[in-house]
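First up is the structure itself, then whatever we jot down about it.
2 protein chains.
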Amino acid sequence: MYELWYWSGLPGRGEFVRLALEAGGIPYRERARETEEGDAALMADMARRETDPPFAPPYLVAEGQAIAQTANILAFLGERHGLAPSDWAGRYWVQQLQLTIADMVLEAHDVHHPIGAGLYYEEQKPEAARRAEEFRDARMPKYLDYFDRILDARGEWLAGGERWTYADLSLFQLVEGLRYAFPLRMRTVERDCEEVVALHDRVAALPELQDYLASDLRLPFGDGIFRHYPELDAR
Amino acid sequence: MYELWYWSGLPGRGEFVRLALEAGGIPYRERARETEEGDAALMADMARRETDPPFAPPYLVAEGQAIAQTANILAFLGERHGLAPSDWAGRYWVQQLQLTIADMVLEAHDVHHPIGAGLYYEEQKPEAARRAEEFRDARMPKYLDYFDRILDARGEWLAGGERWTYADLSLFQLVEGLRYAFPLRMRTVERDCEEVVALHDRVAALPELQDYLASDLRLPFGDGIFRHYPELDAR
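Protein chains in written order, with this note's numbering: chain C, 160 to 394; chain G, 160 to 394.
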């Protein structure tokens with residue numbers, strides 16, 4: 160059985176992997192959440208890995224090998240469990256979209272940490288206010304319009320075809336995070352990306368995700384990648 | 160023959176792809192550099208792609224399909240041309256490292272653009288000075304030590320084994336970029352990552368790269384991802 164390692168208290172980047180595991184019906188254990196040590200167990204496991212160290216969580220252990228980097232884990236699961244097309248064109252297309260989603264996730268994080276992850280938000284508030292304006296005005300419409308155009312051209316799912324891929328699950332989670340962090344701005348931006356909103360709703364309604372989304376395994380947002388600071392949001 | 164599309168005047172992210180194509184002896188055309196229109200031709204091609212739009216360059220056109228995202232292009236070339244191990248563990252390991260290199264490349268960029276890529280450096284100089292300090296003091300040693308430990312554990316190349324992979328080429332280029340942008344800081348940091356420096360030198364000496372590195376196809380650094388602003392560098 161796969162072992163997923165991630166910080167125990169936040170959805171974060173681990174959530175993109177969880178959604179794929181859950182929607183794919185793939186058995187896994189979540190290690191830092193099943194012990195009392197929690198994140199200390201995660202840090203100890205990372206330090207132990209001499210030949211396959213992750214730079215950062217999340218990572219998935221498969222047959223003893225740690226696979227890190229969210230998009231990389233998803234590509235692995237996609238290939239092995241049919242969560243993406245199996246032809247080369249479809250496989251690299253879905254991975255390309257996942258990497259673009261990852262870029263936007265990082266930018267959403269850097270809004271509240273523009274100077275560095277090693278400092279508190281409170282130590283970089285003026286810089287965060289400036290970066291937030293740029294993110295809301297330029298980046299949010301640019302990224303979401305990009306995904307919207309793809310859905311316009313390809314149909315219900317990002318790769319076209321009849322079934323979701325792991326990138327569709329991730330785009331759902333990205334919309335969830337943006338709605339949490341920038342509720343005012345999203346209300347405006349969503350008017351111009353109806354296809355993205357419709358995709359979000361299709362994922363939210365997937366039968367294979369209902370149990371998970373209703374359970375307390377699904378962690379709420381908080382002080383992670385997506386954060387809600389009212390002073391960084393605006394219409 | 161592959162078509163590589165990237166901005167015509169800078170090494171940038173395109174250079175990671177060029178190094179793999181050149182070291183792999185893979186024929187390609189570089190489209191924006193072979194026409195007089197240059198970057199206008201690139202932008203026109205991007206706008207034309209309805210079902211496979213890249214979010215940003217570089218992208219590689221293979222059998223009519225555009226493959227974007229640097230790490231994704233490299234994974235494709237790696238798989239198809241043997242520039243990475245062919246077993247799943249080696250393939251995802253090399254991609255994981257490439258994505259970690261890409262993370263550091265983006266951080267090196269964000270040092271001079273902490274507020275946003277849509278503004279000039281001159282519009283974000285105080286913020287850049289703060290981010291540069293964090294990058295020099297915390298991030299540079301952390302990333303380079305990470306790659307150093309891997310080489311310590313695995314041997315001459317990042318995946319172990321007898322031959323370079325595309326991630327080794329990229330780590331070479333990362334060191335080149337950091338030396339250009341932060342020459343003072345690199346002199347200090349390199350003392351603690353001898354394996355990374357040795358890998359850089361091994362790649363620089365690869366027979367299959369000599370012609371390319373000596374040619375004027377190899378673009379010099381400038382106002383791209385890696386920039387040298389003396390006020391952002393320090394021992």
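Don't be surprised by glycine CBs; every beta carbon is placed ideally from N, CA and C. The model shown is predicted, which means the values in this text are computed figures rather than measured ones.
- Closest option to G/A182, judged by alpha-carbon separation, among G/S329, G/Y339, G/E353: G/S329.
- Residue-level contact by beta carbon fails for C/G171 and chain G, as no gap is shorter than 7 Å.
- For C/I274, the three-state secondary structure derived from DSSP is coil.
- Only P273, I274, G275, A276, G277, L278, Q283, P285, E286, R289, R290, E292, E293, F294, D296, A297, R298, K301 from the segment 270-301 of chain G bring a Cβ to less than 9 Å from some Cβ of chain C.
- A straight-line Cα-Cα distance of about 27 Å links G/R308 and G/L391.
- Shown here, G/Q224 sits in a strand according to DSSP, grouped into three states.
- Near chain G, meaning a CB-to-CB distance below 8 Å, the residues of the segment 189-213 of chain C are E209, T210, D211, P212, P213.
- For the segment 330-359 of chain G, the beta-carbon criterion of a distance under 7 Å to any beta-carbon of chain C is satisfied by none of its residues.
- Boundaries of the alpha helix (DSSP H) around G/R338: 325-340.
- One Cα belongs to G/A340, the other to G/G381, and the distance between them is close to 9 Å.
- At a cut-off of 7 Å, the C-beta of C/T259 has a neighbouring C-beta in chain G.
- If you look at G/Y305, you'll find it in the alpha helix (DSSP H) that goes 299-313.
- C/R188 carries a strand assignment under DSSP once its states are collapsed to helix, strand and coil.
- Its chain contains R172, F175, V176, P217, A261 as the residues whose beta carbon lies nearer than 7 Å to that of G/T229, once the 5 sequence neighbours on both sides are disregarded; these appear in chain order.
- Interface annotation, C/A312: in contact with chain G, CB-CB separation under 7 Å.
- Remark: fewer than three beta-carbon pairs, one from each stretch, lie closer than 8 Å, so the segment 304-322 of chain G and the segment 299-315 of chain C are not flagged as touching.
- Between G/Q255 and C/I226 the beta-carbon gap is near 7 Å, inside 8 Å, which marks them as a contact.
- Chain-order list of chain C residues neighbouring G/R308: P212, by C-beta distance under 7 Å.
- Runs of alpha helix (DSSP H) with 4 or more residues, each lying fully within the segment 364-388 of chain G, are found at 369-373, listed in chain order.
- C/G275 is not a Cβ neighbour of G/E282, given a cutoff of 7 Å.
- It is roughly 18 Å from the alpha-carbon of C/Y325 to the alpha-carbon of G/D211.
- Considering only beta carbons, the part of the segment 224-235 of chain C lying closer than 8 Å to chain G consists of Q224, I226, A227, Q228, A230, N231, A234, F235, in chain order.
- The secondary-structure analysis by DSSP pairs G/Y251 with nothing; it has no beta-bridge partner.
- Contact check for C/A191 and C/Y161: beta-carbon distance about 14 Å, past the 8 Å limit, so the pair fails to qualify.
- C/I384 and C/H268 have their C-alpha atoms some 5 Å from each other.
- About 5 Å separates the CB atoms of G/A318 and G/V253; that is less than 8 Å, so the two are in contact.
- Excluding residues up to 5 positions away in sequence, G168, L169, P170, E174 lie with their Cβ nearer than 8 Å to the Cβ of C/L378 in the same chain.
- G/E162 is bridged by DSSP to G/R188, G/V220.
- About 10 Å separates the beta carbons of G/A179 and G/L219, which is beyond the 8 Å limit, so they are not a contact pair.
- Buried is the label assigned to G/Y251, since at least 16 other Cβ atoms lie within 10 Å of its Cβ.
- A direct Cα-to-Cα measurement between C/R346 and C/H359 gives close to 14 Å.
- In the three-state reduction of the DSSP assignment, C/L180 falls in the helix class, which pools H, G and I.
- Here C/A373 is exposed, its C-beta having fewer than 16 other C-beta atoms within 10 Å.
- One alpha carbon belongs to G/A248, the other to C/T259, and they sit about 24 Å apart.
- G/Q255 has a beta carbon lying within less than 7 Å of a beta carbon in chain C.
- At the C-beta level, G/R295 and G/P273 stay beyond 7 Å of one another.
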